[in-house]
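Report on the following structure.
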Amino acid sequence: MPVIANKIVSHDPVWASIREEALRAAAEEPLLASLAHSAVLNHQRLENALSYILAQKLGSDALPVLGMREVIEEAFSADPDIGNAVRADLVAVNERDPACRGFLKPLLFFKGFQAIQTHRVAHWLWHQKRETMAFLLQNRASEVFAVDIHPATRFGRGIMIDHGTGVVIGETAVLEDDVSLLQNVTLGGTGKETGDRHPKIRRGVLIGAGANILGNIEIGEGAKIGAGSVVLIPVPPHCTAAGVPAKLLGDCGCDQPAREMDHALPPQVD
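Read left to right, the sequence shown gives residues 369 to 638 (our numbering).
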């Protein structure tokens, strides 16, 4: 990768920004220089850096770090669209999380982002009929990140899980593009039913902390789910639902709640 006047030149602007941020971090905090080089600057592509970072986090006695990295690299090489989704997820975090400034910190430290990328690899393994390996990654992500996503769950791009702790997402759930959710969210079933039994979260939905969305119900495009809600009914597009059990409260008040990250509920008239 060429460098001109201390500026990295790349056809991948996200990766170029990450490398520039890593160089600055190493200069500003000499104690972090080793981390910056081993996790970022020693690699040619974002996929290589991410495989290194995830393998360091997820490696265990069952699958040591080198073996874990081989599995992750295999998925990235076989399906280049995973890398495209990774970049969209990084952009989503940078745009929506007020605690985020740039791409380096979520790549290195944000467990919500790292859990999503682990799931993307597990999902690829699931479709390769390597279900035991997929479940191993699910298990390690649950242990390491406190995020439990079934390998069969379908994710779009531009997904953000803020904080991550306590998120549980079931087998037949679907999250379309540009969804944002916070900690302790459950997308689950309503009992012991089988088959298609989990929520379908359409594009641009915002789900507040501690919300439980249960059953094979649809949360329409651009909807908002209030924090702590228990949602058992479908929610129309661009509508807010909140409460226990959740009720429809009216319009969201913005076109793209997942991007706005505004959790305010519409005023209620007695």
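Note that CB positions come from ideal geometry on N, CA and C, so glycine has one too.
- Cα atoms of Ile575 and Leu504: separation of roughly 27 Å, rounded to the nearest angstrom.
- With 16 or more other CB atoms across the displayed protein chains lying within 10 angstroms of its CB, Glu544 is buried.
- Exclusion of the five residues before and after Ala390 leaves Ala404, Val408, Leu409, Leu472 as the residues of its chain whose Cβ lies within less than 7 Å of its Cβ.
- Taking the CA atoms as reference points, Arg464 sits about 34 Å from Gly435.
- Take Asp546, set aside five residues on each side of it, and the residues of its chain with a beta-carbon closer than 8 Å to its own are Ala460, Gly524, Arg525, Gly526, Ile527, Arg571, Gly572, Gln624, Ala626, Arg627, in chain order.
- Around the beta carbon of Gln482, 16 or more other beta carbons sit within 10 angstroms, so the residue counts as buried.
- In chain order, Arg525, Gly526 place their CB closer than 7 Å to the CB of Ala456, counting only its own chain and leaving out the 5 sequence neighbours on each side.
- Going by C-alpha positions, Met501 is about 43 Å away from Gly621.
- Counted as a single uninterrupted DSSP element, the beta strand (DSSP E) harbouring Leu555 occupies residues 554-556.
- Non-local C-beta neighbours of Thr540 in its own chain, meaning closer than 6 Å and more than five positions away in sequence, comprise Asp564, Arg565, His566, ordered along the chain.
- Pairing Ile484 with Pro519, the inter-Cα distance amounts to about 11 Å.
- Remark: C-beta atoms of Gly618 and Pro634 approach each other more closely than 8 Å.
- Here DSSP, grouped into helix, strand and coil, assigns Gly451 to helix.
- Under the three-state reduction of DSSP, Met528 is assigned to strand.
- Burial is judged here by how many other beta carbons sit within 10 angstroms of a residue's own beta carbon; Asn452 has fewer than 16 and is exposed.
- Listed in chain order, the alpha helix (DSSP H) elements of length 4 or more contained wholly in the region 436-515 are 448-464, 472-477, 479-495, 499-513.
- Contact check for Gly532 and Phe513: beta-carbon distance about 6 Å, within the 8 Å limit, so the pair qualifies.
- Under the DSSP definition of a beta bridge, Leu549 partners with Ile529, Ile575.
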